[in-house]
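*Asks:*
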Amino acid sequence: MNSNSEASETRPSGGIIFDNGGRVVIVTGGCSGIGKAICENFARSGATVVCADVDTAGGRNLPEGVEFFKCDTSRKEDCDTVVDWTVERFGGLDVLVNNAAVQPKESYRPIHELPAAVWDRVVAVNLSGYTFMAMSALRHMQQQRSGVVVNISSGQGHRTARQVGTYGPVKAANIMQARQWAVEYARDGIRVVSVSPGAIDTPLVRASLAQQGGGEALANRHPVGRIGQPEEVASAVLWISGPGASFVTGTDLEVDGGLGALGSFADPYPMPNAATS
Ligand SMILES: NC(=O)c1ccc[n+]([C@@H]2O[C@H](COP(=O)([O-])OP(=O)(O)OC[C@H]3O[C@@H](n4cnc5c(N)ncnc54)[C@H](O)[C@@H]3O)[C@@H](O)[C@H]2O)c1
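Position 220 of the sequence shown, counted from 1, bears residue number 251 in the working numbering, the numbering being contiguous throughout.
Now the structure itself:
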């Protein structure tokens, strides 16, 4: 037990109650990991939630109150269809969470070894997919004169590592998409932000643990000494897309257990179970 958890058992830590009653939310990639937690949290707080995902099997296993709509966000026509269907069926669109992304194992290479098809796929889903969804959503939000778009980016959009020459630069572009759209649509009553998680316990991270030095080493690189849980990103997304963040736009929120604050020149934290000499 560390000193933080001891403190949390003896001192009140506060609580959070979100009210999203009546709001209509689309979450892309909501069948797994962070997206699923975002769907669940919005639904629990009263929102009508549409999960736009390619994973039909996962769509049969969604939290209560979340509607599945099959959508490949790399296809513009799919994005138009899910947005139009949502607005027609539920009467508006209040929040779009651009979350669907891929990080294929084959993308962990220096770019001179990267198959062009892997680059094309990552760009199609992680970059064009965000733009296609926003193109459709912003049209409706502009007519409503309200709305929030949240782009899920990554700590790797801010600073990089070896072998993420595809994923990292595209995640950086997700932050600039948010800034660009925020400036463009601010006078229409629309806010646009990005959220950059550190390592979060999801299938995407579990699939690349070997490339990241293993679970213990990855946890130890975060100053808090652990990786995050999808719930912890979801609660940041609910706050930033709600009225408590009404003056927050065109900016990025890092939800990363302090990872981004630790300089690469800093002494690494000792591994918890390392033998001392
Ligand atoms: N897990 C992490 O540590 C971490 C860290 C930083 C940023 N992120 C970002 O968080 C987001 C979610 O990551 P995750 O770890 O939950 O991933 P995940 O792999 O667990 O889930 C991704 C979801 O996206 C869906 N998807 C993939 N391609 C799609 C497409 N073309 N159209 C629609 N849906 C599609 C998948 O079916 C899946 O349900 C991503 O944007 C990722 O880059 C994750």
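C-beta: ideal position from N, C-alpha, C; glycine also. Predicted model only: the values in this text are computed from it and were never measured.
Looking only at C-alpha atoms, which of G64, G45, C82, E71 sits nearest to A238?
*Replies:* Per the Cα distances, G64.
*Asks:* Which runs of the beta strand (DSSP E) spanning at least 3 residues fall entirely within the segment 263–300, listed in chain order?
*Replies:* Runs found: 283–286.
*Asks:* Tell me the rounded alpha-carbon separation between W150 and R75.
*Replies:* Distance between the alpha carbons of W150 and R75: 37 Å.
*Asks:* Do the segment 75–92 and the segment 43–54 meet, that is, are 3 or more Cβ pairs less than 8 Å apart?
*Replies:* The segment 75–92 vs the segment 43–54: in contact.
*Asks:* So, I69 versus V81, is the Cβ gap smaller than 8 Å?
*Replies:* No, these two residues do not count as a Cβ contact at 8 Å.
*Asks:* Less than 8 Å separating the beta-carbons of V195 and V126?
*Replies:* It is not a contact, given that the beta carbons lie outside the stated cut-off.
*Asks:* With hydrogens ignored, establish whether the beta-carbon of I65 is closer than 7 Å to any heavy atom of ligand 1.
*Replies:* Correct: I65 has its Cβ closer than 7 Å to ligand 1.
*Asks:* Give the DSSP-derived three-state secondary structure of G160 in the structure shown.
*Replies:* Here G160 sits in helix by DSSP.
*Asks:* Use the C-beta contact count for P301: other C-beta atoms within 10 angstroms, 16 or more gives buried, fewer gives exposed.
*Replies:* With fewer than 16 other Cβ atoms within 10 Å, it is exposed.
*Asks:* Which residues in the same chain have their Cβ closer than 8 Å to the Cβ of P303, if we skip the five residues on either side of it in sequence?
*Replies:* Taken in chain order, the residues that qualify are E247, N251, G256.
*Asks:* Hey, would you say the C-beta of P274 is under 7 Å away from at least one heavy atom of ligand 1?
*Replies:* Incorrect: P274 has no Cβ contact closer than 7 Å to ligand 1.
*Asks:* Leaving out five residues before and five after I48 in sequence, what residues of the same chain have Cβ atoms less than 6 Å from its Cβ?
*Replies:* Contacts found: none.
*Asks:* What does the alpha-carbon distance come out to for the pair A217 and E95?
*Replies:* When rounded, the distance between both Cα atoms is 34 Å.
*Asks:* Three-state secondary structure (DSSP) at E98?
*Replies:* Three-state result, E98: strand.
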